[in-house]
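Participant: Using the numbering used here, the first residue of the sequence shown is number 44, and each one after it goes up by one.
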Amino acid sequence: MRILIAEDDPVSRRLLQAMLVKWGYDVQVTCDGAEALQAFQAEDAPRLAILDWMMPGMDGIDICRRIRQQKDGPYTYVIMLTTRNRREDIIQGLEAGADDYIVKPFDAHELQARVRAGRRIIDLQAALLAAQEELRIQAAKDSLTGLWNHGVIVETLQRELERAHREGKPLGVLMADLDHYKRINDLYGHMIGDLVLCETAKRMQSVLRPYDAIGRYGGEEFLIVAPGCDAQEAFKLGERIREAIASQPFSVQDTTISVTISLGTAACAAGQSCEANALIRLADMALYQAKAQGRNRVVASNGSEPTHV
């Protein structure tokens, strides 16, 4: 962990640096408030700071307030270092945003203990943020297949449409639906049916590009968002998905099942303004046509009535 020292007194600065380096910390040293504040505005800003209260230009209290005004980035743990030990001074420092307070002349063992306490707080916060991010991701995923859930994939489509419009690029949308999925559930049971859905998700993901997005739209239906794909490219992507599903039977718990999928595709042309719901509706109409034509096929929408390509 990197610690920043902001101390204008060269003797105290060298002493602090020597101690922290001895304890195994990466140390960044500044001698005034402006330089310290600049360090905190960097992308790789230190996570813990030891700030001297009295410095020329900008003192430790000012720096502390500025740090707390920054909303972005991880939390910075601040230890205020000063000769002031009156109760009102301590209150002022803490209210400015300091997390801890140590009075000069300081004891090395006390400083080490306070730095360790700060590191524990930083580590706990990092673990909390990681857990929150994991919960956010899990809430956005379909619990069965691990794909994006309905709400997230629709939001992704809306976001990608806005970007495609800004950049003047096309966008492809595909609706996919497993053929005769009810029959699979009836013949083999819902547990096998769930595993078939999971294997379907894996096979579809295997042919998608890294920047394509796929989500479980509902039941056995999936929505794929393909940035940069025009109508023809979206159709070709649909064929790759169809072949990935139909080319080899599924082996699920010692049961071999032949599975096929039908897809409908639609596209927003480069420079065109499209609505997410309208594109989904067109792709869904094309999917309905694929089912009507015998299943295990891809049908592309022409923007009004769907037609087979």
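Heads up, the beta-carbon is just placed ideally off N, CA and C, and yes, glycines get one too.
Here the structure is a predicted model, which is why all the values come from computation and not from measurement.
1. Since Leu161 contacts Asp142 with CB under 8 Å, what's their CB separation in whole angstroms?
2. Are Cys241 and Thr299 closer than 7 Å when you measure CB to CB?
3. Count the other CB atoms, across all protein chains shown, that sit within 10 Å of the CB of Ala374; report buried if there are 16 or more and exposed otherwise.
4. Can you give me the Cβ contacts of Leu124 inside the same chain, cut-off strictly under 6 Å, excluding the 5 residues immediately before and after it?
5. On a Cα-Cα basis, can you pick out the residue from Ile304, Leu190, Gln112 that is closest to Arg245?
6. For Asp166, does the three-state DSSP call read helix, strand or coil?
7. Just the Cα atoms here: how many angstroms apart are Ile288 and Asp222?
8. Would you list the one or two residues that DSSP bridges to Ser294?
9. Please report the straight-line C-alpha distance between Arg285 and Ser249, rounded to a whole angstrom.
10. For Asp52 and Arg159, what's the separation of their Cα atoms in angstroms?
11. Between the alpha carbons of Cys317 and Cys311, how many angstroms are there, rounded?
12. What's the call for Ile180, buried or exposed, on a 16-neighbour Cβ count within 10 Å?
13. Nearest to Ala313 by alpha carbon, out of Leu204, Arg45, Pro148?
14. Between which two residues does the beta strand (DSSP E) carrying Phe265 extend?
15. Going by beta-carbon coordinates alone, are Arg45 and Asp75 separated by less than 7 Å?
16. Less than 7 Å between the C-beta atoms of Leu167 and Tyr120, yes or no?
17. According to DSSP, which residues form a beta bridge with Lys353?
18. Three or more C-beta pairs under 8 Å: does that hold for the stretch 75-84 against the stretch 99-119?
19. From Ile48 to Ala170, what does the alpha carbon distance come to, in whole angstroms?
20. With a threshold of 7 Å on Cβ separation, who are the neighbours of Arg338 within its own chain once the five nearest residues in sequence on each side are excluded?
21. Whole angstroms is fine: what's the gap from Asn192's alpha carbon to Ile267's?
22. Between Ala139 and Arg111, what straight-line distance do the alpha-carbon atoms span, to the nearest angstrom?
23. Counting pairs of beta carbons, one from the stretch 52-66 and one from the stretch 171-178, are three or more of them closer than 8 Å?
24. Could you pull out every residue in the same chain whose Cβ sits closer than 6 Å to the Cβ of Ile164, ignoring the five residues on either side in sequence?
25. Under 7 Å between the Cβ atoms of Ala274 and Ala343?
26. Per DSSP, what kind of secondary structure is Gln71 in: helix, strand or coil?
27. Taking only three categories from DSSP, how would you classify Glu50?
28. So, with DSSP's three-state summary, where would you put Thr243?
29. According to DSSP, is Met101 part of a helix, a strand, or is it coil?
30. Excluding five sequence neighbours on each side, which residues of the same chain lie with their C-beta closer than 7 Å to the C-beta of Leu63?
31. By a C-beta neighbour count over all protein chains shown, 10 Å radius and 16 as the cutoff for buried, is Pro89 buried or exposed?
32. Shortest alpha-carbon distance to Cys272 belongs to which of Arg259, Gly262, Asp255?
33. At which residues does the alpha helix (DSSP H) containing Leu137 begin and terminate?
Facilitator: The relevant details are as follows:
1. Residue identity differs from the one stated: residue 161 is Gly in this sequence, not Leu. Confirmed, Cβ separation roughly 7 Å.
2. no
3. Given that the chain is displayed from residue 44 to residue 352, the structure contains no residue 374 and the question cannot be resolved.
4. Ile93, Asp95, Ile145
5. Checking the displayed sequence, the identity of residue 245 turns out to be Lys instead of Arg. The shortest C-alpha separation from Lys245 is found at Leu190.
6. helix
7. 11 Å
8. Thr299
9. 12 Å
10. 24 Å
11. 6 Å
12. exposed
13. Leu204
14. 264-270
15. no
16. no
17. Look at the range of the chain in this structure, 44 to 352, and you will see that residue 353 is not part of it.
18. yes
19. 25 Å
20. Asp222, Thr303, Ser305
21. 12 Å
22. 8 Å
23. no
24. Tyr120
25. yes
26. strand
27. coil
28. helix
29. coil
30. Ile46, Val70
31. buried
32. Asp255
33. 130-138
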